[in-house]
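Working notes, structure below.
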Amino acid sequence: MGNEFAVCCGVDVGKWAHHVVAIDTETGEVLFDSKVDQSEREIRAALSPLCAAGKVRVVVDEPGPMSRLLFAVAKDMGMEIGFLTPRAMAKAIEMYGGDIKTDRRDATILAEVASGIPKLVKAVDEKTPERHRLAAIMSHDRELTAEVTRSANRLHALLLAVCPPLEELMAGKKIQGGLALLLLERYGGPCGLRTAGRGRAKRFVRSRKGFGGASGAKVDRVFDAISEQTLVLPGAEDLEDLIRMEARRLSSALESRKTVAKKRDAILEAIPEAEILMSMPGVGAVTCATFLAEVGDVTRFPTAARLASYAGLSPKVRQSGRSVNSVTKPRGGNRRLKRVLVLSASKSILFCDESRKYYERKRAEGRCYNSSITALARKRLDVMYAMLRDGNKYKKK
265 MGNEFAVCCG
275 VDVGKWAHHV
285 VAIDTETGEV
295 LFDSKVDQSE
305 REIRAALSPL
315 CAAGKVRVVV
325 DEPGPMSRLL
335 FAVAKDMGME
345 IGFLTPRAMA
355 KAIEMYGGDI
365 KTDRRDATIL
375 AEVASGIPKL
385 VKAVDEKTPE
395 RHRLAAIMSH
405 DRELTAEVTR
415 SANRLHALLL
425 AVCPPLEELM
435 AGKKIQGGLA
445 LLLLERYGGP
455 CGLRTAGRGR
465 AKRFVRSRKG
475 FGGASGAKVD
485 RVFDAISEQT
495 LVLPGAEDLE
505 DLIRMEARRL
515 SSALESRKTV
525 AKKRDAILEA
535 IPEAEILMSM
545 PGVGAVTCAT
555 FLAEVGDVTR
565 FPTAARLASY
575 AGLSPKVRQS
585 GRSVNSVTKP
595 RGGNRRLKRV
605 LVLSASKSIL
615 FCDESRKYYE
625 RKRAEGRCYN
635 SSITALARKR
645 LDVMYAMLRD
655 GNKYKKK
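As structure tokens, then:
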């Protein structure tokens, strides 16, 4: 298979240094093999001599934050950039054999695969500044969401250890409510609440902004819950100190999510495609932002089927010899994108007649819930692709 590039440069990226191996695609000669510091000056000095040989492609195995400076320098020098998927890289390492794992070996494998089988190299999507900002914000939002979940779970466990009735009252996402966190931050648990008393707790809550007369009844329910337990469990006072700390941590994470959401919405207003996507039932700000951040320019996919494959929504066909064809769900694809598309599809059946009818038809065919929702997500992705390709908003049939 011919290669349009004169030089393929494999880079095993790292935090502070990369290992770079450059190969002449015509002769197989190694043109460069050395470690390069993670700095613009060092990267530029390593890549500059390669330009004399002709067209250069830089290929990495980790197209994430560690590669951003490398990509920026390579593009500034007129080079093409690409990457191998984790699965392709793992298969390549397996084919080369041996138990050695070094940066030099990985960089060599990247360069040789890019030189010998260029079809395996995936292009890096060139995002606009707004989409770069959106990708960074959504990455941070996912971290905050995970932190909220962890903190809420720890808070549930602590409350269960000191007063099960109180934990039951604040079950699920109720513990993330403003009143619940306000009381837990201030008083900790049953001991702190009893010491303060019902009246003082009510006055404290009403003195805070956003809590009116209805908050008094909620405080009463909290005191009714702790009154069901007369015993003070061992270590309760120490645990209540931890409850205060965890409640503050959860409040901080929730406030950070609100701040991030405002920034996300402001960026979406500046992207024309966002308005088109959000005209579709079931596509909210999170789904829209994740889609735009992960997909980038939809025109880089020649068909909706290619986009579905990238999202991990294309059925996987297995057939060998005289065996019966088997269609199973794919295990690859962009999991972040797939997750929001499936969640969006599951929500859409609640208020979108077209989605509901398609889902019910799949269930009537004998498919399970998950399979039907995945099929609906694929169908909706085809519509999203057409909307963005043609620049048209969603129209109900």
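265 is the number of the first residue of the sequence shown in the numbering used here; add one for each residue after it.
Ideal Cβ placement from N, Cα and C applies to all residues, glycine included.
Exercise. Hey, could you find the ends of the beta strand (DSSP E) Ile345 is sitting in?
Key: As a first step, residue 345 must be located in the sequence shown, where it is residue number 81. According to the DSSP assignment, Ile345 belongs to the beta strand (DSSP E) that extends over Glu344 to Phe347.
Quiz item: In three-state DSSP terms, what is Ile287?
Solution: Locating residue 287 in the sequence shown gives position 23, counting from the first residue. Looking at Ile287 - three-state DSSP - the assignment turns out to be strand.
Quiz item: Can you give the beta carbon distance from Ile507 to Leu419, rounded, assuming they're within the 8 angstroms contact cut?
Solution: Position 243 of the sequence shown holds residue 507. Position 155 of the sequence shown holds residue 419. Going by Cβ atoms, the distance from Ile507 to Leu419 rounds to 7 angstroms, so yes, they are a contact pair.
Quiz item: Excluding the five sequence neighbours on either side, which residues of its own chain have a C-beta within less than 8 angstroms of the C-beta of Ala534, listed in chain order?
Solution: Walking along the sequence shown from the start, residue 534 turns up at place 270. Counting only Cβ-Cβ distances below 8 angstroms, and skipping sequence neighbours, we find Glu394.
Practice problem: May I have the straight-line CA-CA distance separating Leu384 from Asp405, to the nearest angstrom? | Solution: Residue numbering aside, residue 384 sits at position 120 when the sequence shown is read from its first letter. Residue numbering aside, residue 405 sits at position 141 when the sequence shown is read from its first letter. Rounded to the nearest angstrom, the two C-alpha atoms are 32 angstroms apart.
Self-check item: Leu295, enclosing beta strand (DSSP E) - first and last residue
Solution: Taking the sequence shown and counting its residues from 1, one reaches residue 295 at position 31. Start and end: Val294 to Asp301.
Exercise. Could you tell me which of Met509, Ala309 and Ser573 sits nearest to Leu422, measuring between CA atoms?
Key: As a working note, residue 422 is residue 158 in the sequence shown. Checked all of Met509, Ala309 and Ser573; the closest Cα to Leu422 is Met509.
Quiz prompt | Pairwise C-alpha distance: Met434 and Glu624 | solution = Working through the sequence shown from its first residue, we reach residue 624 at position 360. Working through the sequence shown from its first residue, we reach residue 434 at position 170. Rounded to the nearest angstrom, the two C-alpha atoms are 36 angstroms apart.
Exercise. Could you tell me if Glu407 is buried or exposed, where buried requires 16 or more neighbouring beta carbons within 10 angstroms of its beta carbon?
Key: Position 143 of the sequence shown, counted from the first residue, corresponds to residue 407. Residue environment for Glu407: exposed (fewer than 16 other C-beta atoms within 10 angstroms of its C-beta).
Quiz item: Could you give the residue range of the alpha helix (DSSP H) that holds Cys427?
Solution: On the sequence shown, position 163 is the one that residue 427 refers to. Cys427 -> no alpha helix (DSSP H), and no H or E assigned at all.
Quiz prompt | Residue from Ile401, Lys661, Cys315 and Trp280 whose Cα sits closest to the Cα of Cys272 | solution = To locate residue 272, count along the sequence shown from 1; it is residue 8. The shortest Cα separation from Cys272 among Ile401, Lys661, Cys315 and Trp280 belongs to Cys315.
Quiz item: Hey, quick one: how far does the alpha helix (DSSP H) through Gly597 stretch, first residue to last?
Solution: Locating residue 597 in the sequence shown gives position 333, counting from the first residue. Segment: none, Gly597 is in no alpha helix (DSSP H) and carries neither H nor E.
Quiz item: Grouping DSSP H, G and I as helix and E and B as strand, with all else coil, what is Lys391?
Solution: Within the sequence shown, numbered from 1, the residue matching residue 391 stands at position 127. Lys391 falls in the coil class under three-state DSSP.
Quiz item: Using the C-alpha atoms, what's the distance from Ile490 back to Ala478?
Solution: Locating residue 478 in the sequence shown gives position 214, counting from the first residue. Locating residue 490 in the sequence shown gives position 226, counting from the first residue. One C-alpha to the other measures close to 20 angstroms.
Practice problem: Would you grab the beta carbon distance between Asp561 and Asp389 for me? Rounded to a whole angstrom, and I think it's under 8 angstroms. | Solution: Counting from one through the sequence shown, the residue named residue 561 turns up at place 297. Counting from one through the sequence shown, the residue named residue 389 turns up at place 125. The C-beta distance from Asp561 to Asp389 rounds to 7 angstroms, short enough to meet the 8 angstroms contact threshold.
Self-check item: DSSP three-state assignment for Val604, whether helix, strand or coil
Solution: Here residue 604 refers to the residue found at position 340 of the sequence shown. Helix at Val604.
Exercise. Kindly indicate the opening and closing residues of the beta strand (DSSP E) around Asp363.
Key: Counting from 1 along the sequence shown, the entry for residue 363 is found at position 99. From DSSP, Asp363 is part of no beta strand (DSSP E); its letter is neither H nor E.
Quiz item: How many Å lie between Asp484 and Lys466 at the Cα?
Solution: To locate residue 484, count along the sequence shown from 1; it is residue 220. To locate residue 466, count along the sequence shown from 1; it is residue 202. Those two C-alpha atoms are separated by around 8 angstroms.
Quiz item: Does the stretch 361-370 come close enough to the stretch 609-616 to have 3 or more Cβ pairs within less than 8 angstroms?
Solution: no
Quiz item: With which residues is Arg625 paired in a DSSP beta bridge?
Solution: The residue you call residue 625 lines up with position 361 of the sequence shown. In DSSP, Arg625 forms no bridge with anything.
Quiz item: Between the stretch 599-606 and the stretch 553-569, do three or more beta carbon pairs fall short of 8 angstroms?
Solution: yes
Quiz item: Any idea what DSSP makes of Lys279, helix, strand or coil?
Solution: Numbered from its first residue, the sequence shown carries residue 279 at position 15. Note: Lys279 maps to coil in three-state DSSP.
Exercise. Spatial neighbours of Arg528 within its chain, please: CB distance less than 6 angstroms, with the 5 preceding and 5 following residues excluded, ordered by chain position.
Key: Residue mapping note: residue 528 aligns to position 264 of the sequence shown, counting from 1. Around Arg528: Ile401 and Ala553.
Practice problem: Leaving out five residues on either side along the sequence, give the residues of the same chain with a beta carbon under 7 angstroms from the beta carbon of Thr372. | Solution: Within the sequence shown, the letter at position 108 stands for residue 372. Closer than 7 angstroms at Cβ, skipping near neighbours: Gly274 and Val285.
Practice problem: Would you please state the rounded distance, in angstroms, between the beta carbons of Leu305 and Ser415? I believe it to be under 8 angstroms. | Solution: Here residue 305 refers to the residue found at position 41 of the sequence shown. Here residue 415 refers to the residue found at position 151 of the sequence shown. For the sequence presented, residue 305 should be read as Arg rather than Leu. Contact doesn't hold; Cβ gap of about 42 angstroms is too wide.
Quiz item: Does the Cβ-Cβ distance between Ala252 and Glu449 come in under 8 angstroms?
Solution: Summary: the structure shown does not reach residue 252, with the chain confined to residues 265 through 661, and so no result is reported for it.
Quiz prompt | Nonlocal neighbours in the same chain, by C-beta distance under 8 angstroms from Lys438, ignoring five residues either side | solution = Numbered from 1 along the sequence shown, position 174 holds the residue referred to as residue 438. Correct list, in chain order: Ala444.
Quiz item: In three-state DSSP terms, what is Arg418?
Solution: Here the question's residue 418 lines up with position 154 in the sequence shown. Helix, per DSSP.
Quiz item: Sorted by chain position, which residues of the same chain lie with C-beta nearer than 8 angstroms to Leu457's C-beta, five sequence neighbours on each side aside?
Solution: Stepping through the sequence shown from its first residue, residue 457 is reached at position 193. Answer for Leu457: Leu447, Tyr451, Ala465, Val486, Phe487 and Ile490, listed in chain order.
Quiz item: Could you give the distance in angstroms between the alpha-carbon of Ala641 and the alpha-carbon of Lys621?
Solution: Within the sequence shown, numbered from 1, the residue matching residue 641 stands at position 377. Within the sequence shown, numbered from 1, the residue matching residue 621 stands at position 357. C-alpha separation (whole angstroms): 13 angstroms.
Practice problem: Would you tell me roughly how many angstroms separate the C-alpha atoms of Arg321 and Gly342, rounded to the nearest one? | Solution: Walking along the sequence shown from the start, residue 321 turns up at place 57. Walking along the sequence shown from the start, residue 342 turns up at place 78. Each residue's Cα considered, the two are about 10 angstroms apart.
Quiz item: Hey, Ile287 and Leu398: beta-carbon distance below 8 angstroms or not?
Solution: As a working mapping, residue 287 is identified with position 23 in the sequence shown. As a working mapping, residue 398 is identified with position 134 in the sequence shown. Contact: no.
Exercise. For Cys455, I'd like the list of residues in its chain whose CB is within less than 7 angstroms of its CB, leaving aside the five on either flank, ordered along the chain.
Key: As a first step, residue 455 must be located in the sequence shown, where it is residue number 191. In the same chain as Cys455, and ignoring 5 residues on each side of it, the C-beta atoms closer than 7 angstroms to its own belong to Val496, Ala500, Glu501 and Glu504, in chain order.
Quiz item: Between which two residues does the alpha helix (DSSP H) containing Arg470 stretch?
Solution: Taking the sequence shown and counting its residues from 1, one reaches residue 470 at position 206. Unbroken alpha helix (DSSP H) run through Arg470: Arg462 to Arg470.
Practice problem: Assign Ser471 to one of two classes, buried (16 or more other C-beta atoms within 10 Å of its C-beta) or exposed (fewer than that). | Solution: In the sequence shown, residue 471 corresponds to position 207, counting from 1. Ser471 should be labelled exposed.
Quiz prompt | Beta carbon of Gly442 nearer than 8 angstroms to that of Gly474 | solution = Numbered from its first residue, the sequence shown carries residue 442 at position 178. Numbered from its first residue, the sequence shown carries residue 474 at position 210. Yes, the Cβ-Cβ distance between Gly442 and Gly474 is below 8 angstroms.
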